[in-house]
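J.: Pasting a structure here, questions to come.
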Amino acid sequence: MSAKLMEYFNRQPRLGVLGTASKDGIVDVAVMGSLQMIDEKTITAAFARGRTFANLQENPNAVYMIMNQGSEILDWKGIRVYLRMREYVTSGPQLESYKSQVAKVVGEQAAEMVHVMVTFDLTEVRPLIDLGQGWEKSI
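Structure (structure tokens):
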């Protein structure tokens, strides 16, 4: 992957949606802003207790979709980033440091909702609308 992908992935503000599925194939989708690309192959995220993390514990695969509105549907920009959960922590200094940062930015109540920090491996990147152009031309 490239520095261009990291810059696009981490740009704020953005609309990002994370899709997961349980082991039985029951899908969930959630608007997420906490995902961060920390190197060209690694994504981190923080989640509350809920379906997203429950699904990841049963099925480590997910997809994160970032969208930027265009004037017409074919003018929309964005990417689909395919992920596989590598590990997670529900306690410790990494989680506490993150919660402290969240408290400063959006408040204590939001920080208290954070239950887990997840590390994903990036497995594939595709354009939002795939016409064979490659993700690089879709951002």
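One gets the working numbering by counting positions in the sequence shown from 1 and adding 481 to each. Just so it is clear, CB atoms sit at the ideal spot from N, CA and C, and this is done for glycine as well. Owing to the predicted nature of the structure, the values given are computational and were not obtained by experimental measurement.
1) Following the continuous beta strand (DSSP E) through Thr525, name the residue where it begins and the one where it ends.
2) Expressed to the nearest angstrom, what Euclidean distance is found between the alpha-carbon atoms of Gly497 and Tyr563?
3) Report the option in Val595, Tyr489, Gln582 and Ile554 whose CA atom is closest to the CA atom of Arg530.
4) Using the Cα positions of Met513 and Leu499, report the straight-line distance between them to the nearest angstrom.
5) Report the option in Ala526, Glu521, Ile507 and Trp616 whose CA atom is closest to the CA atom of Arg532.
6) If we ignore side chains and look at the alpha-carbon of each, how far apart do Gly588 and Gly613 end up?
7) Evaluate contact between the stretch 549–569 and the stretch 580–587, counting only Cβ atoms and requiring at least three cross-stretch pairs below 8 Å.
8) Quick check on the burial criterion: 16 or more other C-beta atoms within 10 angstroms. Buried or exposed for Ile524?
9) Ordered along the chain, which non-local residues of its own chain (more than five positions away) have a Cβ less than 6 Å from that of Val510?
10) Considering only C-alpha positions, which residue in the set Lys558, Ile519 and Arg495 is nearest to Lys618?
11) How would you write the range of the alpha helix (DSSP H) that Pro608 sits in, first residue to last?
T.: In this structure, then:
1) Thr523 to Phe528
2) 13 Å
3) Val595
4) 6 Å
5) Ile507
6) 43 Å
7) no
8) buried
9) Val498 and Gly500
10) Lys558
11) No alpha helix (DSSP H) holds Pro608; the beta strand (DSSP E) holding it covers Val597 to Pro608.
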